[in-house]
Amino acid sequence: MVLRGLWPKLILAISVAFLCLFAGFAFLGRRALHVSSEHILQERLVIAQMAANQIDDYFLEAVNELESAALLYGTDNTAWFDSSKQHDLLLVLSKIGFFDNGVLLLDETGKILLAYPEELNINDLPPLTNATTEEAFSVSDPFMMAGNGRPAIAVTISLKNESGNTSGYLSGIINLEDESLKKPLQEAARLGHTGHATLITQDGSTVIATLPLSFLSSNEHPDFYPEAMKSTEPVIGTTPFALYDIPGEHQGEPHVMAVAPLQYARLGVAIGGDEDETFAGLWQLQREMGWFGGFVLLLVWGLSLFVTRQLLIPVRQVTDAARKIASGELDTPLKIQAKDEFGEMAEALEKMRRQLLGYIDQLTTWNKTLQFKVNERTKELREERAITQRLLHKTIYAQEEERMRLARELHDEIGQMLTAIEISLTRLENRLPESDQEAIQRLQKCEDLITTAVSSLRAIISELRPPVLDKLGLQSALHWIAEQTLTPANITYTINNNNLPPHLPDPIETILYRIAQEAINNIAKHSQATQTQITFQHTHSELIMTITDNGQGFTPQTIPSSPGSRSGWGLAGLAERAALVNGTIKIISQPGQGTTIKVHIPANFIDKCTNCPYHDQYDKECVFCTAINQFNS
C-alpha cells in the first residue's frame, strides 16, 4: 500500500513514534517489575536461609551442652565408665531442657552402654553415630519415640581420650515439638494468608510444618522438595500445591517456594506461599502502569494528531495553489491570510504566478517563431537525407552493375582472347617437328601460363559476380564461396537453411551474399577460427542470417546507424548493405570468445521486392530495384 499525501504519512510517522515510545516504556516497566520480582524471590531465599540458620544454631547449642558436660570428666577413660558418675551425668543432661527425651552413652563401636531415663526403649532408636571419627558431632535423621510417641532427633558428640582417639559417644535426644524449633518456621511463614513453612528431610518428608501435616508424612510439594534438597545451595522455584484437604489452599495452585538446607543436619527449611499472593502487588502495579501509560500515550497521540492536522491546513492551501499554477491556471490570485512561514510561501507563489504570466506571453511569441524555423529546417534535412540515401543506393547499385559489366567483358573479350591464344599455341606446337624440342618446351610453358591466366581470370570473374549465384541461387553460392575461401584456410563450415525458400528475390540474395562474402573473408584472414556456421531462419516476420565462428574474437567497432555514415567497406559496409533492404546487422564478439554476425531483413520488404515491377524492365539483372525506384522518382 502506497501512502499518498502528507497527512497519512504524518499519521503513520506519529503513530509509529508513539508505538515505539509505548514499547520502550513497556519494556522499561517490565524490566523494573522483573527486577522487583527478583528482589522478592531473593528476599524469600534470605528468609528461608535465616530460618535454617536459627535451627542450626539450636542444634549447635545442644552440641555445646553435650561438650560442656563432657569437659566435666576430662579425658580420663576410667571416669566415663564409673557407673555412679555416668548416672549423674545423664541425669544432669536430661534436666537441662534440650534432652528431656533422654540421654545415652555409647562406646567407640556405637553400642549403647547406658541410657537415661532407664525405661528408655533403646531398641527402637535409629543409628545415632552418623559422625566419623574426624567429625566433632553429628545429627541423626528424625524418628518417632517408641515410648511417648513424640517426634525426636538425636545429637551425638565424640568423646576423646588423652591420645586424641575416640573412646565413646555421648548422645542427647531432642524433642522436635520444642517451641524453639517451631518458632523460626512460624516467623518465616508470615508471608500472607497462604504463607507456610516446613522442616523437611532429604527425601522431602515432613518433620515440622505450619500446615496440619503429620510427622514424616508426604508434604504439599512432594516433587519439588526432593529435587531441591539435592542442592547444597538455597533453591527457589514455582511448584503446584499437591494437597486438597488443607483449609485455605487449593490443589494445583502454583506456589513460590524457597528451600534452604541446614548446615549441621540432613534437613532443610522450605517456606513460600501462593504465587498470586506473592506477586499480587507487582501485578497490580503492572496493570495500573499499563492502563495509565496507555491512557497518557493515547491522549498525547490524539493531541499530536489534532495539532498536526491544524498545521496542515495552510499546507494544503499552498499545495492547491501550486497545483493550479502547475496545471496552467495562472489567472486566479492566491488568497492565503496566514502570517507565518506558510504566508511567506504563499506570497512567493503569488509573485511566481505573476512572473509566469509574463514569461508565458514571451514564450508564446518565441515559440511561434521557432516552430516556423524548425519546420523549415526539418524539411531541408529530410530532403538532404532522401538525396543522400538515393545517392548511396545508386552508388552501391552502380557498383554491382559495374561488377557484372566487368565480369561480362572479362569473360567475353579477354577470356575469349586467352582461349584463342591457347588454341593457336596448341596448333603451333602440333606443327613443329619433334626434333625442335626447345621450341616445343617454350610453347608448353606459354600454354601453362595461358592456363594459369585463364584460371586467375575465372577467379576474378567469380569474385566480381559468381555465376552460381545467378544460376543456382544463394545457398549454392554460399557453399561455393565457403569452399573457395575457408577450406584452404583449414576451417570447417556448415550451412543450415532451416525453412529457407529455394530462391529469394535477386536484391535480397545479392545483399545476403555480399554480407556473407565479407564475413567469410574476414574469418579466413583474421579470426584464426577452426569452425564456422551459417544459419538461416525464415519466420512470418523476418529472415535472419547468422554467421558464427570460434575464433579469437575482437572488440566490435561502432557500426553506423544510417547508410549515409560510411567508414569504409569493412564492417560499416555490412550495415550499409543491410540498410538497402530495410535490414539491420548486429555484431557480437569478445576477445577470446569468437564472433557472431546476425542480419535481420523484414519479411514485408521481401514480399515487396518479390512483387517489384522493375525486374521485368531490367531483365532480372536489377539487384536494388527499390533504390532505382526511389532514384527515378
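One point on numbering: in the working numbering, the residue at position 39 of the sequence shown is 226, and numbering is uninterrupted. Virtual Cβ for every residue (Gly too), placed ideally from N, Cα, C.
1) Does the region 346-361 touch the region 406-425, meaning 3 or more C-beta pairs lie closer than 8 Å?
2) Counting along the chain, where does the alpha helix (DSSP H) carrying glycine 602 start and finish?
3) Given 8 Å as the limit, is there contact between the region 445-456 and the region 222-242, that is, 3 or more CB pairs closer than that?
4) Three Cβ pairs or more, each shorter than 8 Å: is that satisfied between the region 708-721 and the region 667-685?
5) Tell me, please, which residues DSSP counts as bridged to threonine 388.
6) Out of curiosity, what's the CA-to-CA distance linking glutamate 589 and valine 561?
7) Looking at asparagine 288: is its Cβ nearer than 8 Å to the Cβ of isoleucine 234?
8) I need the boundaries of the alpha helix (DSSP H) containing isoleucine 702, first residue and last residue.
9) I'd like the list of long-range same chain contacts for leucine 430, defined as Cβ closer than 6 Å, with 5 residues on each side in sequence excluded.
10) Measure the alpha-carbon distance for isoleucine 784 versus aspartate 548 and round it to whole angstroms.
11) Residues in the same chain with beta-carbon distance under 6 Å from proline 448, minus the five sequence neighbours each way, listed in chain order, please.
12) Looking at C-alpha atoms only, which residue of Arg764, Pro441, Pro434 is the closest neighbour of proline 427?
13) Measuring alpha carbon to alpha carbon, tell me which of Ile788, Gly779, Ser776, Arg337 ends up nearest arginine 764.
14) Here's a check: name, in chain order, each residue in its chain whose Cβ is nearer than 8 Å to the Cβ of leucine 665, leaving out the five neighbours to either side.
15) Mind reading off the beta-carbon distance from threonine 388 to proline 329? Whole number of angstroms is fine, and I expect it under 8 Å.
16) Given alanine 790, which residues of its chain have a CB within under 7 Å of its CB, disregarding the five upstream and five downstream residues?
17) Using beta-carbon positions only, say whether isoleucine 648 and alanine 716 come within less than 8 Å of one another.
18) Which of helix, strand or coil does DSSP assign to glutamate 407?
19) By Cβ distance, which residues of its chain are closer than 7 Å to threonine 672, with the 5 residues on each side in sequence left out?
20) At the 8 Å Cβ level, is asparagine 677 part of the contact set with chain B, yes or no?
21) In whole angstroms, give me the CA-to-CA distance for asparagine 684 and isoleucine 637.
22) Looking only at DSSP bridge pairs, what is threonine 582 linked to?
23) Alpha carbon to alpha carbon, how far is serine 367 from aspartate 410?
24) Nearest CA to the CA of leucine 232: which residue from Leu378, Gly297, Arg592, Ile793?
25) Please classify aspartate 736 as buried or exposed, where buried requires at least 16 neighbouring CB atoms within 10 angstroms.
26) My understanding is that isoleucine 772 touches valine 786, with C-beta atoms under 8 Å, so please give their C-beta distance in whole angstroms.
27) Comparing C-alpha positions only, which one of Ser622, Gln628, Leu605, Ile610 sits nearest to valine 641?
28) Rounded to whole angstroms, what is the Cα-Cα separation between phenylalanine 402 and phenylalanine 285?
29) Quick one, which of Leu492, Thr343, Met591, Gly602 has its alpha-carbon nearest isoleucine 201's?
30) Would leucine 253 and isoleucine 344 qualify as a contact pair, given that the criterion is a beta-carbon distance under 8 Å?
31) Leaving out five residues before and five after threonine 419 in sequence, what residues of the same chain have Cβ atoms less than 6 Å from its Cβ?
32) Within 10 angstroms of the Cβ of valine 203, are there 16 or more other Cβ atoms? Answer buried if so, exposed if not.
33) For alanine 532, which residues of its own chain have a beta-carbon under 6 Å away from its beta-carbon, when the five flanking residues on both sides are left out?
34) Bridge partners of lysine 622, per DSSP?
35) Assuming aspartate 461 and threonine 381 make a contact with CB atoms under 8 Å, what is their CB distance in whole Å?
36) Keeping to the same chain, check which residues put their C-beta closer than 7 Å to that of leucine 363; ignore five residues upstream and five downstream.
A quick look at the data gives this:
1) Between the region 406-425 and the region 346-361 there are fewer than three C-beta pairs closer than 8 Å, too few to call the two in contact.
2) Boundaries of the alpha helix (DSSP H) harbouring glycine 602: 602-618, taken from the DSSP string.
3) Yes: the two stretches touch, three or more of their Cβ pairs being nearer than 8 Å.
4) Segments in contact, yes.
5) Under DSSP, threonine 388 shares a beta bridge with Leu454.
6) As the crow flies, the alpha-carbon of glutamate 589 is around 41 Å from that of valine 561.
7) Going by C-beta atoms, asparagine 288 is not nearer than 8 Å to isoleucine 234.
8) Here the alpha helix (DSSP H) through isoleucine 702 covers 693-709.
9) Hits under 6 Å: Glu407.
10) Their Cα atoms are separated by approximately 55 Å.
11) So the qualifying residues of the chain are Gly455.
12) Considering only Arg764, Pro441, Pro434, the residue with the shortest C-alpha distance to proline 427 is Pro441.
13) For the set Ile788, Gly779, Ser776, Arg337, the Cα lying nearest the Cα of arginine 764 is the one of Ile788.
14) Excluding positions up to five away in sequence, the list reads Ile682, Tyr700, Ala703, Ile721.
15) Correct: roughly 6 Å between the Cβ atoms.
16) For alanine 790, the CB contacts under 7 Å within the same chain, skipping 5 residues up- and downstream, are His727, Ser728, Glu729, Leu730 in chain order.
17) Their beta carbons are not under 8 Å apart, which means isoleucine 648 does not touch alanine 716 by this criterion.
18) In this structure, glutamate 407 counts as coil in the three-state DSSP scheme.
19) Taken in chain order, the residues that qualify are Ile707, Asn708, Ala711.
20) The displayed structure is made up of one protein chain only, and chain B is not part of it.
21) So the alpha carbons of these two residues sit roughly 39 Å apart.
22) Its beta-bridge partners do not exist; DSSP assigns none.
23) Going by the C-alpha atoms only, they are around 29 Å apart.
24) Taking leucine 232 as reference, the option from Leu378, Gly297, Arg592, Ile793 with the minimal CA-CA separation is Leu378.
25) Buried, because 16 or more other Cβ atoms sit within 10 Å of the Cβ of aspartate 736.
26) With 8 Å as the limit, isoleucine 772 and valine 786 qualify as a contact, their Cβ atoms being about 5 Å apart.
27) Residue nearest to valine 641 within the set Ser622, Gln628, Leu605, Ile610 is Leu605 (criterion: CA-CA distance).
28) Using only the alpha carbons, I get a separation of about 20 Å.
29) Nearest of Leu492, Thr343, Met591, Gly602 to isoleucine 201, Cα basis: Leu492.
30) Yes. Within cutoff.
31) Cβ within range, chain order: n/a, list empty.
32) Exposed: under 16 other Cβ atoms inside 10 Å.
33) Here the sequence assigns methionine to residue 532, which means alanine is not the residue at that position. Around methionine 532, the same chain offers Val505 as residues with beta carbons nearer than 6 Å, after the five sequence neighbours per side are excluded.
34) Here residue 622 turns out to be serine, not lysine, going by the sequence shown. When DSSP reads this structure, serine 622 sits in no beta bridge, so it has no partner.
35) Correct: roughly 4 Å between the Cβ atoms.
36) Apart from sequence neighbours up to five positions away, the residues of its chain that approach leucine 363 with a beta-carbon distance below 7 Å are Pro329, Pro338, Ala339, Ile340, Val394, Ile395, ordered along the chain.
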